[in-house]
Amino acid sequence: MEAGRQDYDLLVIGGGSGGLACAKEAAQLGKKVAVVDYVEPSPQGTRWGLGGTCVNVGCIPKKLMHQAALLGGMIQDAPHYGWAIQPVLHDWRTMAEAVQNHVKSLNWGHRVQLQDRKVKYFNIKACFVNEHTVCGVAKDGKETLLSAEHIVIATGGRPRYPTHIEGALEYGITSDDIFWLKESPGKTLVVGASYVALECAGFLTGLGLDTTVMIRSIPLRGFDQQMSSLVTEYMASQGTRFLRGCTPSRVRRLPDGQLQVTWEDLTSGKEDMGTFNTVLWATGRIPETRSLNLEKAGVNINPNSQKILVDAQETTSIPHIYAIGDVAEGRPELTPTAIMAGKLLAQRLCGQSSDVMDYDNVPTTVFTPLEYGCVGLSEEEAVARHGEEHVEVYHAYYKPLEFTVAERDASQCYIKMVCLRKPPQLVLGLHFLGPNAGEVTQGFALGIKCGASYVQVMRTVGIHPTCAEEVAKLRISKRSGLDPTVTGC
Ligand code: FAD
Ligand code: NDP
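Here full-length UniProt numbering is used: the first residue of the sequence shown is 1, the next is one more, and so on.
Listed below in structure tokens is the structure:
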């Protein structure tokens, strides 16, 4: 075994959103920092570069493919606005190549940034030897020992294969593969009903592919369920098929190469069957803790979730070892929270600040064909916490101006603001379903973080004509029973 440098102030395991942010911040504040990152190829053999899930197989390629699908919708709108459009075809290969080239440029950018900040980067797979030392193995089998005063674990997670289903591993793909396919996935079955499933099904449908989503229970568990229903209603109106209350039992490859999927209808108990070109498992993610030898360092995990137990300071059971991002128990699996947690941790380690990450009121957006942005409590959570009589919900069905000329159906464009009933009616949650929901929600998230009340939102002057201004015009309460459909300007 080759002895590596053993004198880092900080060693970060995992070069994804959280790890890179933490490493760069600590280096900028004068620490001697190393990052180790290694991508285990997916079971289908897909591999990628530095930057973690978000850059390579998550947010970035997903949003770009979502954009490709939205463009298809705009092309359909265009003739209403006077554009003469020839029959339009979509070419997966061109899109995928462009998306992959962008991702590769980001991989390169991350390497340059590490170099500029003098962070030492090792492309090795790390596991603990003891509480201050890790051993990393490179692709060629070469081993390197690294030790540090502080160690941050930011190894994220990987898609979960439902291996109990015959043929799942052999014939299925996951979000680790879909963005790197050279050819169109064709007719696709997406299994699962959360962010990944609905977002992928949304853009596949938008690109003109025959797409079915298999939901075993409810869509978007944990989100406001009225909003979730509207999300899937809109997707169905755009052509996504839904098989509800079903779970797959078998996948087989037919002689013509197609995949035959057998599933069970959980209500009737009956079996059914269909053929697809691709089966995409979007059945959740597993934290990357299994190969870290955490027991050698004494780092405790939750045996059920396999995630690392941390306190408010992101400290594990060992005082100089920390965990941030998707691998840490109880944290939202989102890029901006991993980044902020990493930066704040670095600042604390460098004595620059004592601020800890505030995981309350984290905004998020589900990039489905009609985007769903939210921040704060769902209506169900607000009622459970405060009691129905203490919660006031203001809501509106609105029509985005751009939908009018294009004669688009806006039945699912909906906003609701969940407030305390007692004046000045503190805003507990905001839910926005419509175009550019991420952009809209980001701004209001600041207000909610600052403790905005319903009264203050109503005094906020709108920007006309936008969809966001509808938030500042929410006058109808659910309790009133009045029609919440916005009419006129
Ligand atoms: P990661 O980014 O996963 O990085 C972990 C890194 O550690 C990886 O490079 C991994 O290969 C490496 N690693 C693991 N084990 C080892 C080891 N033993 N040694 C060395 N290296 C190791 N979030 C959003 O906010 N917005 C979105 O729109 C969004 N879209 C998403 C879409 C999809 C399809 C998916 C799957 C996720 C999406 N997310 C989104 C979630 C977001 O990508 C993650 O929350 C975020 O990347 C987590 O960052 P992290 O630093 O915890 O881990
Ligand atoms: P989730 O854990 O959120 O959801 C898993 C889904 O798979 C659920 O619908 C679950 O159903 C279903 N499921 C699990 N096992 C089976 C099975 N055996 N058969 C059928 N269905 C099954 O995982 P995701 O991968 O969607 O997302 C992981 C995280 O990534 C999210 O929590 C999010 O934080 C992040 N992310 C963020 C995005 C964004 O910000 N826009 C986009 C994508 C991901 P059930 O409810 O019945 O258990």
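Note that the Cβ used here is the ideal one computed from N, Cα and C, for glycine as well.
Since the structure is predicted, the reported quantities are computational estimates derived from the model, not experimental observations.
Using the three-state DSSP reduction, which class does residue i fall into: helix, strand or coil?
i	result
C135	strand
L426	strand
L71	helix
R47	coil
Y38	coil
D177	helix
H431	strand
T247	strand
D265	strand
G157	strand
C127	strand
E183	coil
K62	helix
V57	helix
Y234	helix
L292	coil
T240	coil
Y121	strand
Q442	helix
Q306	coil
V88	coil
V461	coil
V486	coil
With 16 as the cutoff for other CB atoms within 10 Å, does residue i come out buried or exposed?
i	result
G14	buried
K139	exposed
T441	buried
A384	exposed
T267	exposed
M273	exposed
A98	exposed
D224	buried
G330	exposed
E170	exposed
Y414	buried
T368	buried
residue 500	Absent from the structure is residue 500, since the part of the chain shown begins at 1 and ends at 489.
E371	buried
M1	Low per-residue confidence applies at M1: pLDDT is 42, beneath 50, and the placement is therefore not dependable enough to give any value.
A338	buried
D7	exposed
Counting only the same chain and skipping the five closest in sequence on each side, list residues whose C-beta sits under 6 angstroms from that of residue i.
i	result
G342	G18, A21, C22, I324
T232	P219
L426	L420, S453
R408	none
D265	C246
M335	Looking at the sequence provided, one finds Thr at residue 335 rather than Met. Result list for T335: S17, C54, C59, in chain order.
Can you name, in chain order, every residue of its own chain whose Cβ lies under 7 angstroms from the Cβ of residue i, other than the five neighbours on each side?
i	result
F403	A410
P79	I85
V196	S175, A282
A236	F242
T315	Y322
Q412	L230, E233, Y234, L370, L433
What residue range does the alpha helix (DSSP H) around residue i cover?
i	result
W92	92-116
C22	17-28
L220	L220 -> no alpha helix (DSSP H), and no H or E assigned at all.
H386	379-386
A200	Note that residue 200 corresponds to Cys in the displayed sequence, not to Ala. Run containing C200: 195-206, per the alpha helix (DSSP H) assignment.
Y171	168-171
I286	Here I286 belongs to no alpha helix (DSSP H); instead the beta strand (DSSP E) covers 285-287.
Go to residue i, then tell me how far its beta strand (DSSP E) extends in each direction, as first and last residue.
i	result
K416	414-420
T337	It is not in any beta strand (DSSP E) - T337 instead sits in the alpha helix (DSSP H) that spans 335-349.
G373	372-376
I215	211-215
L11	8-13
F367	Looking at the DSSP string, F367 is not in any beta strand (DSSP E), and its letter there is neither H nor E.
M273	271-276
G325	Unbroken run through G325: none, as it is neither H nor E.
T144	143-153
Y454	First-last for Y454: 454-458, but that is the alpha helix (DSSP H), not the beta strand (DSSP E).
L189	188-191
Y397	391-397
Can you list, in chain order, the residues of its chain whose CB lies under 8 angstroms from that of residue i, leaving out five sequence neighbours each side?
i	result
S305	P287, E329
E166	S249, R250, V251, R252
R348	Q313, S354, D355, V356
E389	R421
Counting only beta-carbon atoms, is residue i nearer than 7 angstroms to chain B?
i	result
V440	Of the protein chains in this structure there is only one, and it is not chain B.
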